[in-house]
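Each residue of the sequence shown is one higher than the one before, counting from 101 in this note's numbering.
Here is the structure we will look at, set down as structure tokens.
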Amino acid sequence: MLFGEGVRVAVDGLRANALRSLLTALGIIIGIAAVVTMVALGSGAQRAVQDRIAALGPTLLNVFSGQDFRGGVAIGGASTLTYDDDTAIAHQAGYVAGVVPELQRGFQIRFGDHNVNQDVIGTTPDFVTVRNYGLSAGRMFTAGEAAERRLYAVLGSIIPDQLHTTPAEIVGQQIQIGQFPFTVLGVLAEKGAGPGSNDDDVIIPFQTARYRVIGTGRLRTITIKAVAVDSMTLAMIEIERVLRHQHKLQPGKEDDFRIRNQRDILLTQEQTTQTFKSLLAGVAAVSLLVGGIGIMNIMLVSVTERTREIGVRKAMGAPRKAILTQFLLESVVLTGVGGVIGIGLGAAISWTIHALSKLPTYVSLWSVITGIFFATVVGVFFGIYPAMRASRLDPVDSLRYE
101 MLFGEGVRVA
111 VDGLRANALR
121 SLLTALGIII
131 GIAAVVTMVA
141 LGSGAQRAVQ
151 DRIAALGPTL
161 LNVFSGQDFR
171 GGVAIGGAST
181 LTYDDDTAIA
191 HQAGYVAGVV
201 PELQRGFQIR
211 FGDHNVNQDV
221 IGTTPDFVTV
231 RNYGLSAGRM
241 FTAGEAAERR
251 LYAVLGSIIP
261 DQLHTTPAEI
271 VGQQIQIGQF
281 PFTVLGVLAE
291 KGAGPGSNDD
301 DVIIPFQTAR
311 YRVIGTGRLR
321 TITIKAVAVD
331 SMTLAMIEIE
341 RVLRHQHKLQ
351 PGKEDDFRIR
361 NQRDILLTQE
371 QTTQTFKSLL
381 AGVAAVSLLV
391 GGIGIMNIML
401 VSVTERTREI
411 GVRKAMGAPR
421 KAILTQFLLE
431 SVVLTGVGGV
441 IGIGLGAAIS
451 WTIHALSKLP
461 TYVSLWSVIT
471 GIFFATVVGV
481 FFGIYPAMRA
491 SRLDPVDSLR
501 YE
């Protein structure tokens, strides 16, 4: 039997019991849809992490005070980081390309009749360079303007929208931060929500924050840019050495600060997502197993129903290979059709998840190939036994079967 003819016969056989074939394929459809959705979620999470690392800069480090912060508020004692620590790291630590101090406190931001509560960060002009930020409008304040404690501000990308205006319109306008009027110099380019994002923050000069607005020299964070990815560990060792000397910590005494690698935090998030994806993939595998068992059951029923047909074909000279191929093709066609429908359903589910929850999803060519591969494997694995049973039927006994 030619392959094309075998496929045609298989399709005709399935069409003769269309409803039964559809219900049988339902397990495969659900399983393949689950596989495609899980792969799409995993791929989307991986791409999101890679984009986030690229946006933050792969060499970014953060030094935090030893105390805990919740919602920007210090819990338990004064911060252990000072502006002197920032200066010492900049001048004494090796493998460091840039350092910026960050004071932080929540304020009410007002513009006209609109207001919003967001964090205000006091820092230096190097903030945009170290944190790898661009500006969508206006400019950053200069070192001279920062030293003069000017009341200048640069807004995070979502702040203009929260104040019911646009980046172009708000640049040059005045906003109220607490009791102080600030002139908006620029608006940061968007990076998206996630660790290390300042899309919802307001940036002001460090000395302005220290002496006029926040009124303290105790830092929330020191952000550091290492010279290269390969030097991250060495940079962290150098930073620890400098800060322990600055804080006069004796050997054996625990650090009163924490050094965090943003890249490691993001990769940990990706690993968590991958673990969740693996669990759901296990559920998808169970669906495929159940679907495969259903296909085997229906194919065995089909062999029993068509015993006389098999006997007639064998009596007319059809070899065992032709009978085996026919029933195996029916199984593969059934799972193949279910696989195609499942891939479409999985892509639709992935798109819906992204549209409703904004979770990153990505239906790649690899996920489509994976779906087709699993559908074919299930069809062959669970179709081989019914096909072999059909090919081994005795033609005389088959012709006598009622």
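Just so you know, even glycine gets a beta-carbon here, dropped at the ideal spot from N, CA and C.
Beta-carbon gap between residue i and residue j smaller than 8 Å
{"i": "ILE259", "j": "VAL220", "result": "no"}
{"i": "PHE357", "j": "VAL163", "result": "yes"}
{"i": "PHE481", "j": "GLY411", "result": "no"}
{"i": "SER179", "j": "LEU343", "result": "no"}
{"i": "GLY439", "j": "GLY471", "result": "yes"}
{"i": "GLY483", "j": "VAL432", "result": "yes"}
{"i": "PRO281", "j": "LEU251", "result": "yes"}
{"i": "ASP185", "j": "GLN346", "result": "yes"}
{"i": "THR308", "j": "ARG249", "result": "yes"}
Identity of the residue in the options nearest residue i by Cα
{"i": "ILE337", "options": "ASN361, GLN350, PRO267 and GLY317", "result": "ASN361"}
{"i": "LYS325", "options": "VAL463, THR425, LEU160 and LEU379", "result": "LEU160"}
{"i": "GLY444", "options": "VAL468, ASP355, ILE339 and ARG250", "result": "VAL468"}
{"i": "TRP451", "options": "ALA133, ILE128, GLN426 and ALA118", "result": "ALA133"}
{"i": "GLU430", "options": "MET396, ARG341, THR461 and LYS291", "result": "MET396"}
{"i": "ALA253", "options": "ILE441, LEU389, GLY142 and THR223", "result": "THR223"}
{"i": "ASN232", "options": "THR323, GLY382 and SER165", "result": "THR323"}
{"i": "VAL255", "options": "GLY483, GLU290 and ASP226", "result": "Sequence check: residue 255 is Leu here, not Val. Looking at the Cα atoms, GLU290 is the closest of the given residues."}
{"i": "ASN215", "options": "THR316, HIS264, ARG120 and VAL437", "result": "HIS264"}
{"i": "GLY142", "options": "PRO460, PHE474, GLY131 and ILE453", "result": "PRO460"}
{"i": "LEU203", "options": "LEU251, VAL313 and ILE189", "result": "VAL313"}
{"i": "THR476", "options": "TRP466, TYR485, VAL437 and GLY315", "result": "VAL437"}
{"i": "PRO201", "options": "SER165, ASP213 and GLY234", "result": "SER165"}
{"i": "ALA246", "options": "PRO281, THR321, SER491 and ARG310", "result": "ARG310"}
{"i": "VAL329", "options": "PRO158, THR321 and THR266", "result": "PRO158"}
{"i": "VAL327", "options": "LYS348, ARG492, GLN262 and THR229", "result": "THR229"}
{"i": "ASN298", "options": "PHE227, ALA268, THR266 and VAL463", "result": "PHE227"}
Where residue i sits in the DSSP three-state scheme
{"i": "ARG320", "result": "coil"}
{"i": "SER236", "result": "strand"}
{"i": "VAL463", "result": "coil"}
{"i": "PHE241", "result": "coil"}
{"i": "PRO267", "result": "helix"}
{"i": "GLU290", "result": "coil"}
{"i": "LEU203", "result": "strand"}
{"i": "ASN397", "result": "helix"}
{"i": "ILE484", "result": "helix"}
{"i": "ALA148", "result": "helix"}
{"i": "GLY194", "result": "coil"}
{"i": "GLY222", "result": "strand"}
{"i": "ASP168", "result": "The predicted position of ASP168 is uncertain, since its pLDDT is 48 and thus under 50; no value can be drawn from it."}
{"i": "LEU160", "result": "strand"}
{"i": "GLY176", "result": "Here GLY176 scores only 45 on pLDDT, less than 50, and its place in the model should not be relied on; the value that follows carries that caveat. Coil, per DSSP."}
{"i": "GLN208", "result": "strand"}
{"i": "ARG489", "result": "helix"}
{"i": "ARG250", "result": "coil"}
{"i": "ALA326", "result": "strand"}
{"i": "ALA358", "result": "The sequence shown places Arg at residue 358, rather than the Ala named in the question. Of the three classes helix, strand and coil, the one that applies to ARG358 here is strand, per DSSP."}
{"i": "LEU141", "result": "helix"}
{"i": "LEU389", "result": "helix"}
{"i": "LEU181", "result": "coil"}
{"i": "MET101", "result": "Residue confidence is low: MET101 scores 48 on pLDDT, short of 50, so the model does not pin down where it sits. Its coordinate-derived value is still stated next. Coil."}
{"i": "GLN262", "result": "helix"}
{"i": "GLY446", "result": "helix"}
{"i": "ILE304", "result": "strand"}
{"i": "ILE314", "result": "coil"}
{"i": "GLN274", "result": "strand"}
{"i": "LEU349", "result": "coil"}
Whole-number beta carbon distance between residue j and residue i, since they are thought to touch under 8 Å
{"i": "THR124", "j": "GLY446", "result": "At roughly 19 Å, the Cβ-Cβ gap does not stay under 8 Å, so THR124 and GLY446 are not in contact."}
{"i": "ILE478", "j": "THR435", "result": "One detail in the question is off: residue 478 reads as Val in this sequence, not Ile. Sure, about 5 Å apart at Cβ, within 8 Å."}
{"i": "ALA487", "j": "LEU400", "result": "Actually they do not touch by this definition, with Cβ atoms about 10 Å apart."}
{"i": "VAL284", "j": "ILE270", "result": "5 Å"}
{"i": "VAL287", "j": "ALA237", "result": "5 Å"}
{"i": "SER387", "j": "GLY127", "result": "6 Å"}
{"i": "PHE474", "j": "VAL135", "result": "6 Å"}
{"i": "ILE189", "j": "ILE339", "result": "6 Å"}
{"i": "TYR183", "j": "GLY317", "result": "5 Å"}
{"i": "VAL403", "j": "ARG489", "result": "6 Å"}
{"i": "ILE129", "j": "ILE453", "result": "Actually they do not touch by this definition, with Cβ atoms about 18 Å apart."}
{"i": "ARG120", "j": "ILE398", "result": "7 Å"}
Mind the definition here: the stretch 133 to 152 touches the stretch 419 to 435 only if three or more C-beta pairs lie below 8 Å; say whether that holds.
-> Not touching, per the Cβ criterion.
Is it a yes or a no for the stretch 195 to 205 touching the stretch 326 to 335, going by three-plus beta-carbon pairs under 8 Å?
-> Contact between the stretch 195 to 205 and the stretch 326 to 335 is present, because at least three Cβ pairs lie under 8 Å.
Segment contact, 8 Å Cβ cut-off, at least three pairs: the stretch 202 to 221 with the stretch 274 to 283 = In the pairwise beta carbon analysis, the stretch 202 to 221 is classified as touching the stretch 274 to 283: at least three pairs are separated by under 8 Å.
If you pair each beta-carbon of the stretch 235 to 251 with each one of the stretch 200 to 212, do three or more pairs fall below 8 Å?
-> Touching, no.
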